[in-house]
Amino acid sequence: MSKHETFSVIPHNSSTAPGPRHDGWTPARQATFLRELASSHSVAEAARAAGMSRQSAYALRARLRGEPFDLAWYAALRCRIDMLAEAAVDRALNGVKVPHFYKGEVVGTSRKFDERLTVALLAMRDSFRAPRASVPAMSDPAAQYGAHDFRRLAERVERGPATWDEEREEAYAQLRSEYDDYAGGDWEEADEEEVVADEEDEVTEG
């Protein structure tokens with residue numbers, strides 16, 4: 002996934018959507034796990050920090066495939082991969098300083114370049130380029146996050162909800178509530194009134 006690429010939701014139906022958590026993986030524990038994973042790059046250490054087992058962490062990710070926790074897990078690992086890639090590029094371009102000793106004292110330095118590392122990076126150069134990606138739909142909550150947005154994804158996991166569908170439903174409910182407060186009526190009734198008004202306009206024009 003490229004630096005500028007955004008995530009998209011993997012669709013699922015209501016029969017497979019995750020339900021309430023009963024396995025101990027609270028939002029706070031999920032966030033603790035993710036932040037430790039980004040720091041240590043170890044699933045086992047991250048699970049211990051959250052007070053959970055390594056196996057349950059993998060089970061949770063499988064259950065929440067395509068959801069915020071899964072995407073934050075990917076972004077956490079990507080943090081360390083990017084650091085390794087940058088270090089490798091730096092070594093290929095600038096080499097490694099090698100000290101030269103004479104009678105136990107440093108008398109000079111030189112730089113050693115690893116030709117195999119340079120060849121390997123050149124072979125992988127396409128993976129460092131950002132492909133042209135289609136613009137994700139703004140109605141897709143995952144489109145707000147990119148592969149490098151680990152901090153924001155971890156915060157999203159911590160505050161919930163667990164799935165993108167739940168987020169959409171909450172946003173829709175909030176919008177409907179605001180509309181009801183503004184219009185002083187019911188959402189569905191307002192839609193019906195608009196339909197009737199449109200039909201009356203068509204009859205008048207005819």
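Take our numbering: the last position of the sequence shown gets the number 207, and nothing is skipped along the way.
Even glycine gets a Cβ: it sits at the ideal position worked out from N, Cα and C.
Going by DSSP, what residue range makes up the alpha helix (DSSP H) through Arg152? Phe151 to Arg160
So, do the segment 60 to 79 and the segment 150 to 169 have three or more beta carbon pairs nearer to each other than 8 Å? yes
My understanding is that Glu37 touches Ala58, with C-beta atoms under 8 Å, so please give their C-beta distance in whole angstroms. The Cβ separation is near 11 Å, so there is no contact.
Glu111, DSSP secondary structure in three states: Reading the sequence as shown, one finds Ser at residue 111 and not Glu. Ser111 falls in the strand class under three-state DSSP.
Does Tyr103 come out as helix, strand or coil in the three-state DSSP assignment? strand
Which one of Leu176, Glu179 and Asp166 has the shortest CA to CA distance from Pro69? Asp166
Do you know whose CA, among Arg64, Glu87 and Glu106, lies nearest Thr119's CA? Glu87
Just how far apart, CA to CA, sit Ser43 and Ala63? 17 Å
Please say whether Arg92 and Asp71 have beta carbons closer to each other than 8 Å? no
Does the separation of the CB atoms of Glu171 and Pro162 fall below 8 Å? yes
Ser54 and Ala48 closer than 8 Å at C-beta: yes
Cβ shell of Pro142 (< 6 Å), same chain only, five flanking positions each side left out: Trp165 and Glu168
In whole angstroms, what separates the C-alpha of Gly109 from that of Val97? 14 Å
Looking only at C-alpha atoms, which of Lys104, Val99, Ala121 and Gly147 sits nearest to Val90? Ala121
In the DSSP output, which residue or residues are listed as bridge partners for Val97? Lys113
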